[in-house]
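Trainee: Residue numbers (this note's numbering): 177 to 397.
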């Protein structure tokens with residue numbers, strides 16, 4: 177095979193297995209809108225960092241993309257379609273997710289001071305953060321939409337997953353890190369004069385209310 181023919185074949189194969197720039201741009205737009213729009217993950221990242229600093233929030237920040245990666249993998253294997261095909265399963269995920277968010281909201285609402293006791297109460301572990309992605313019905317629907325639109329039915333789904341997954345994970349990490357940084361910058365101001373914590377109490381109540389509203393909204397998805 178001549179070198180010219182080799183490169184022609186390589187270029188043809190590339191067009192088959194790789195995204196064109198329009199598809200990739202659309203993926204970036206979706207990832208930006210989905211990741212940086214306020215939701216349960218960004219709310220928790222902000223609240224954890226505001227209450228206990230950026231370092232304490234990092235396990236959760238890192239857990240979000242891990243959970244997302246698992247969810248995308250499940251959907252790519254076709255198992256995610258069961259959520260839509262079996263209504264009872266979808267409702268089970270909704271109810272568990274709503275209960276989980278309400279539990280997290282109660283933890284935030286009861287955190288009143290920048291103290292060790294409240295740090296223990298508001299602690300959200302890495303695994304709890306990853307599990308949140310798996311019981312979030314909105315995350316399931318988005319993951320299914322991404323896999324259906326960019327991966328399923330294409331010539332080389334594995335190659336496309338190799339593009340989609342890193343993009344989605346990078347944006348999930350970047351968005352939650354951004355919100356956590358914002359929360360950490362508010363930390364000193366929220367402590368209030370002489371560490372009274374009145375501002376922090378109001379902030380936590382607002383964050384808890386956001387989670388409650390999100391939980392109720394999830395029931396109607």
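Yeah, the Cβ is synthetic: ideal placement off N, Cα and C, and Gly gets one too. Since this is a predicted model, take the numbers as computed values, not measurements.
1) In whole angstroms, what separates the C-alpha of residue 260 from that of residue 220?
2) I'd like to know whether the C-beta atoms of residue 234 and residue 339 end up nearer to each other than 8 angstroms.
3) Between residue 246 and the ligand ATP, is the CB less than 7 angstroms from at least one heavy atom?
4) With residue 329 as the anchor, note down where its alpha helix (DSSP H) starts and where it stops.
5) Is it buried or exposed, residue 389, if we count other Cβ atoms within 10 angstroms and call 16 or more buried?
6) Can you list, in chain order, the residues of its chain whose CB lies under 8 angstroms from that of residue 244, leaving out five sequence neighbours each side?
7) Just the Cα atoms here: how many angstroms apart are residue 186 and residue 341?
8) For the alpha helix (DSSP H) holding residue 217, just list the boundary residues, first then last.
9) In this structure, how does DSSP classify residue 287 when only helix, strand and coil are distinguished?
10) Within the same chain, show all residues whose beta-carbon is closer than 8 angstroms to that of residue 368, passing over the 5 residues directly before and after it, in chain order.
11) Could you give the first and the last residue of the continuous alpha helix (DSSP H) run that contains residue 305?
12) Short of 7 angstroms in beta carbon distance, which residues of its chain neighbour residue 278, apart from the five on each side in sequence? Order them along the chain.
13) Is residue 396 helix, strand or coil by DSSP?
14) Checking 8 angstroms against the spacing of the C-beta atoms, do residue 252 and residue 311 come in under that value?
15) Which residue comes first and which comes last in the alpha helix (DSSP H) that contains residue 201?
16) Quick check on DSSP: helix, strand or coil for residue 278?
17) For residue 199 and residue 325, I'd like the C-alpha separation in whole angstroms.
18) How many Å lie between residue 393 and residue 360 at the Cα?
Mentor: This is what the structure gives:
1) For the purposes of this step, residue 260 is taken as the residue at position 84 of the chain shown. For the purposes of this step, residue 220 is taken as the residue at position 44 of the chain shown. C-alpha separation (whole angstroms): 27 angstroms.
2) What you label residue 234 is simply residue 58 of the chain shown in a count that begins at 1. What you label residue 339 is simply residue 163 of the chain shown in a count that begins at 1. In this structure, residue 339 does not lie closer than 8 angstroms to residue 234 by Cβ.
3) The ligand ATP is not among the ligands present in this structure, which contains no ligands whatsoever.
4) In the chain shown, residue 329 corresponds to position 153, counting from 1. Segment: none, residue 329 is in no alpha helix (DSSP H) and carries neither H nor E.
5) Within the chain shown, numbered from 1, the residue matching residue 389 stands at position 213. By the neighbour-count rule (16 or more Cβ atoms within 10 Å), residue 389 is not buried but exposed.
6) Reading the chain shown from its first residue, position 68 is the one you call residue 244. Cβ neighbours of residue 244 beyond the five flanking positions: 309, 315, 319, 344, 345 and 348.
7) Along the chain shown, one-based indexing puts residue 186 at 10. Along the chain shown, one-based indexing puts residue 341 at 165. Residue confidence is low: residue 186 scores 42 on pLDDT, short of 50, so the model does not pin down where it sits. No coordinate-derived value is stated.
8) If you number the chain shown from 1, residue 217 lands on position 41. Segment 216 to 252, the alpha helix (DSSP H) holding residue 217.
9) The residue given as residue 287 occupies position 111 in the chain shown. Three-state DSSP puts residue 287 in coil, outside helix and strand.
10) Against the chain shown, residue 368 aligns to sequence position 192. Same-chain partners within the cutoff: 374, 375 and 376.
11) Indexing the chain shown from 1 puts residue 305 at position 129. Note, residue 305: alpha helix (DSSP H), 302 to 310.
12) Position 102 of the chain shown holds residue 278. Here the set comprises 388 and 391.
13) The residue you call residue 396 lines up with position 220 of the chain shown. Three-state DSSP puts residue 396 in coil, outside helix and strand.
14) Taking the first residue of the chain shown as position 1, residue 252 is located at position 76. Taking the first residue of the chain shown as position 1, residue 311 is located at position 135. If you check the CB distance, residue 252 and residue 311 do not come in under 8 angstroms.
15) Within the chain shown, residue 201 is the residue found at index 25, counting from 1. Counted as a single uninterrupted DSSP element, the alpha helix (DSSP H) harbouring residue 201 occupies residues 197 to 212.
16) Within the chain shown, the letter at position 102 stands for residue 278. In the structure shown, the three-state DSSP call for residue 278 is helix.
17) Numbered from its first residue, the chain shown carries residue 199 at position 23. Numbered from its first residue, the chain shown carries residue 325 at position 149. Straight-line Cα distance between these residues: approximately 9 angstroms.
18) Here residue 393 corresponds to residue number 217 of the chain shown, with the count starting at 1. Here residue 360 corresponds to residue number 184 of the chain shown, with the count starting at 1. The straight-line gap from Cα to Cα measures roughly 28 angstroms.
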